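Participant: Pasting in a structure now, in structure tokens, and then I'll have a few things to ask.
In the working numbering, the protein residues as written are 1 to 330.
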């Protein structure tokens with residue numbers, strides 16, 4: 001049920017757009033006939049001219065990130081409505097916050113240390129117990145139920161078939177929605193598609209990415225002159241990672257984790273381009289300037305603990321539990 005629909009505005013890169021805002025009321029766990037109800041925000045950004053294209057449902061990545069911000073909506077709203085439906089567990093009346101996990105990460109000596117893994121594993125368990133004790137039905141926070149929220153919103157808004165625009169972890173929601181409600185989808189565009197099993201990162205993908213940077217460097221005269229073999233140079237730096245930049249400590253695991261995220265490729269629209277900056281920081285460290293590694297180590301400590309709604313990270317990540325067991329058993 002969609003209630004309280006009222007006129008509102010949605011901020012975009014191209015200015016504020018006319019919209020409708022309301023609340024979608026759905027069961028917390030559709031498998032339980034006695035389930036309590038939860039509320040999710042819904043924003044319908046109105047087409048700027050007479051709509052003649054299928055409405056667009058936008059699905060943000062993550063997990064653990066809100067689905068209610070879309071600054072590029074103005075690029076799509078000329079002849080179609082753009083719809084944002086809050087993610088259960090992140091947006092709306094029940095939020096799977098885990099301060100236990102946040103505190104475990106904040107207190108870490110190194111984010112990739114074994115002690116840190118044990119600390120945040122224990123923190124996730126404590127968080128789950130607390131949420132259950134507070135009456136949260138954790139079984140309801142799954143991708144199928146999230147997909148059914150989209151279907152409920154589609155029906156409540158009176159739409160026929162809709163287009164989906166998803167990225168990263170949001171593409172998994174798009175897949176599940178298409179599997180469960182195939183007649184509701186006109187087209188689905190996925191950016192950085194994440195099929196089942198791929199919440200577990202494969203080291204071979206990172207190696208392939210490094211190989212691409214290496215080939216780009218070899219094809220550039222200035223880069224090639226500085227570093228004949230970029231991949232070998234990066235691996236050498238990893239093995240001899242500096243412990244300090246002057247008086248300031250560098251946490252090796254933090255620097256490696258920041259590089260993992262930083263090396264992800266993007267377009268210029270996502271600037272600054274973190275991939276080249278990451279390569280430059282590691283190259284500079286190899287030549288005696290570890291300032292970039294220190295900064296990335298510090299940013300990992302400052303940003304990661306509060307970057308996500310950690311309960312949603314766990315709930316969505318559980319979809320790939322079997323894949324994770326196979327990966328770590330191999």
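For glycine and all other residues, C-beta sits at the position ideal for the given N, C-alpha and C. Source: prediction; values computed, not measured.
From 165, 154 and 193, pick the residue whose C-alpha is nearest to that of residue 184; which is it?
Facilitator: Selected option, being the one with the closest Cα: 154.
Participant: So which of 196, 92 and 43 has the shortest CA-CA distance to residue 7?
Facilitator: Minimum Cα distance to residue 7 is reached at 43.
Participant: For the beta strand (DSSP E) holding residue 187, just list the boundary residues, first then last.
Facilitator: 185–191 is the extent of the beta strand (DSSP E) around residue 187.
Participant: With H, G and I counted as helix, E and B as strand and the rest as coil, what does DSSP make of residue 22?
Facilitator: Residue state, collapsed to three classes: strand.
Participant: What is the rounded straight-line gap between the Cα of residue 152 and the Cα of residue 98?
Facilitator: Each residue's alpha carbon lies about 28 angstroms from the other.
Participant: Rounded C-beta distance between residue 5 and residue 22? I'm assuming under 8 angstroms.
Facilitator: 4 angstroms between Cβ atoms; contact.
Participant: Are there 16 or more other CB atoms within 10 angstroms of the CB of residue 219, so buried, or fewer, so exposed?
Facilitator: With fewer than 16 Cβ atoms within 10 Å of its Cβ, residue 219 is classed as exposed.
Participant: Are at least three pairs of beta-carbons, each pair with one atom in the stretch 76–89 and one in the stretch 108–123, less than 8 angstroms apart?
Facilitator: No: fewer than three Cβ pairs fall under 8 angstroms.
Participant: Nearest CA to the CA of residue 24: which residue from 180, 50 and 146?
Facilitator: For residue 24, the nearest C-alpha among the options comes from 146.
Participant: Check for me: the beta strand (DSSP E) holding residue 41 runs from which residue to which?
Facilitator: Run containing residue 41: 37–45, per the beta strand (DSSP E) assignment.
Participant: How about residue 156 and residue 59: are their beta carbons less than 8 angstroms apart?
Facilitator: Contact: no.
Participant: Sorted by chain position, which residues of the same chain lie with C-beta nearer than 6 angstroms to residue 291's C-beta, five sequence neighbours on each side aside?
Facilitator: Taken in chain order, the residues that qualify are 245.
Participant: In terms of residues, what are the limits of the beta strand (DSSP E) holding residue 8?
Facilitator: Looking at the DSSP string, the run of the beta strand (DSSP E) that includes residue 8 is 2–12.
Participant: Report the rounded CA-to-CA distance for residue 163 versus residue 239, giving the unit in angstroms.
Facilitator: Distance between the alpha carbons of residue 163 and residue 239: 47 angstroms.
Participant: When the Cα atoms are used, what is the spatial distance from residue 86 to residue 121?
Facilitator: Approximately 27 angstroms, taken between the alpha carbons.
Participant: Who are the Cβ neighbours of residue 67 in its own chain at under 8 angstroms, not counting the five residues just before and after it?
Facilitator: Answer for residue 67: 58, 59, 60, 84, 85, 86, 87, 90, 91 and 170, listed in chain order.
Participant: With distances taken Cα to Cα, identify the nearest neighbour of residue 94 among 254, 143 and 134.
Facilitator: Comparing Cα-Cα distances from residue 94 to each of 254, 143 and 134, the minimum goes to 134.
Participant: So, for residue 161: in the same chain, excluding its five sequence neighbours on each side, which residues have a beta-carbon less than 8 angstroms away from its beta-carbon?
Facilitator: Within the same chain, residue 161 has close Cβ partners 54, 183, 184, 185 and 186.
Participant: Mind checking which residues open and close the beta strand (DSSP E) that includes residue 163?
Facilitator: Start and end: 162–167.
Participant: So what's residue 142 in DSSP terms, helix, strand or just coil?
Facilitator: Note: residue 142 maps to coil in three-state DSSP.
Participant: Apart from the five residues on each side of it in sequence, which residues of its chain come closer than 6 angstroms, Cβ to Cβ, to residue 207?
Facilitator: Counting only Cβ-Cβ distances below 6 angstroms, and skipping sequence neighbours, we find nothing.
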